[in-house]
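Below is one structure; the comments refer to it alone.
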Amino acid sequence: MNIKQKLVSIIKVISTVLITSAIGLEAWNVYAVITKSNISSILNPIFWVERFAVTCHLVEGIIAAFYAPTKKKMPIKYGIYTFFVGTVGLLELFGKESE
C-alpha cells in the first residue's frame, strides 16, 4: 500500500468518525431544545462548524448519488458512502479507476 492509499484510508476513517460525531452533536442539541435544557454558549462555534460540515457532506452525497449511475454504481449506496467520507468519495467516483 503506497502513501496515497494510506492517506486516503486515514481520511476516510477520520471523516466517518467526525461526521458521525457531528450527527450525534446535532441530535444532542435538538434534544436539549426539546427538553428546554441549557447548552453552554461556548459551544455555538462548534455547532456552526458541524452544521457547515454536515451540509457540505450532504451536498457531496447528493452529487454522488446523482452521478453514480453514469459510473455503474448504486446511487443510494454511493450517496451515503460519499456523505460519510466526503470529497474522497467524489474523487473516487470521478477518478480514472472507476471507469
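So the mapping is simple: this note's numbering equals the position in the sequence shown, first residue as 1, plus 71. Ideal placement from N, C-alpha and C gives every residue a C-beta, glycine not left out. Please read all numbers here as calculations on a predicted model, not as lab measurements.
Applying the criterion that 16 or more other CB atoms from any shown protein chain within 10 Å of the CB defines a buried residue, is residue i buried or exposed?
i, result
"Ser86", "buried"
"Val130", "exposed"
"Val156", "buried"
"Thr106", "exposed"
"Ile90", "buried"
Whole angstroms are fine: how far does the CA of residue j sit from the CA of residue i?
i, j, result
"Trp99", "Gly132", "23 Å"
"Ala139", "Leu164", "7 Å"
"Glu121", "Phe154", "14 Å"
"Ile94", "Tyr152", "15 Å"
Can you give me the start and stop residues for the alpha helix (DSSP H) that residue i sits inside?
i, result
"Gly132", "115-138"
"Ser92", "74-105"
"Lys148", "146-156"
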